[in-house]
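Be aware that the sequence shown starts at 37, since it is given in our numbering, and climbs by one per residue.
Heads up, the beta-carbon is just placed ideally off N, CA and C, and yes, glycines get one too.
Every value quoted in this text rests on a predicted model; they were computed, and no experiment measured them.
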Amino acid sequence: MKIAITRLENKAAGDRALCAAYGHDCYTVSPLRAELREERIDAFIEAVHRGEFDCLFFASALPAELIAPRLERWPRVIAIGPKTAEVLR
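Shown next as structure tokens:
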């Protein structure tokens with residue numbers, strides 16, 4: 037399975053190895069720095085709409101707030117934490 041995980045770049049170190057250990061491919065989406073990275077958000081949303089991901093992991097509420105309202109296609113979605121889950125409802 038190809039999995040996208042939204043996470044800050046400095047917190048994504050072990051994601052690829054963890055996914056690989058379970059036989060999955062990992063794509064880390066880091067839409068945030070000191071400023072919003074609108075071009076990355078746009079590119080990610082386009083990839084979701086093209087069906088490039090089987091599952092989206094939202095590890096933080098802020099990326100969920102930025103991305104979810106713009107999604108027209110929803111693959112399987114997993115929210116990490118209650119605040120993130122609330123945003124995605």
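To the nearest whole angstrom, what separates the beta carbons of residue i and residue j, a pair I think is in contact under 8 Å?
i: residue 42; j: residue 99; result: 4 Å
i: residue 102; j: residue 67; result: 6 Å
i: residue 90; j: residue 112; result: 6 Å
Using the C-alpha atoms, what's the distance from residue j back to residue i?
i: residue 61; j: residue 52; result: 7 Å
i: residue 38; j: residue 124; result: 21 Å
i: residue 86; j: residue 71; result: 26 Å
i: residue 84; j: residue 74; result: 15 Å
i: residue 117; j: residue 105; result: 19 Å
Out of the options, state which residue places its alpha-carbon closest to the alpha-carbon of residue i.
i: residue 107; options: 78, 47 and 122; result: 78
i: residue 55; options: 40, 44, 47 and 46; result: 40
i: residue 45; options: 82, 59, 95 and 88; result: 95
i: residue 97; options: 81, 82, 115 and 80; result: 115
Can you name the residues that DSSP bridges to residue i?
i: residue 62; result: 39
i: residue 114; result: 93
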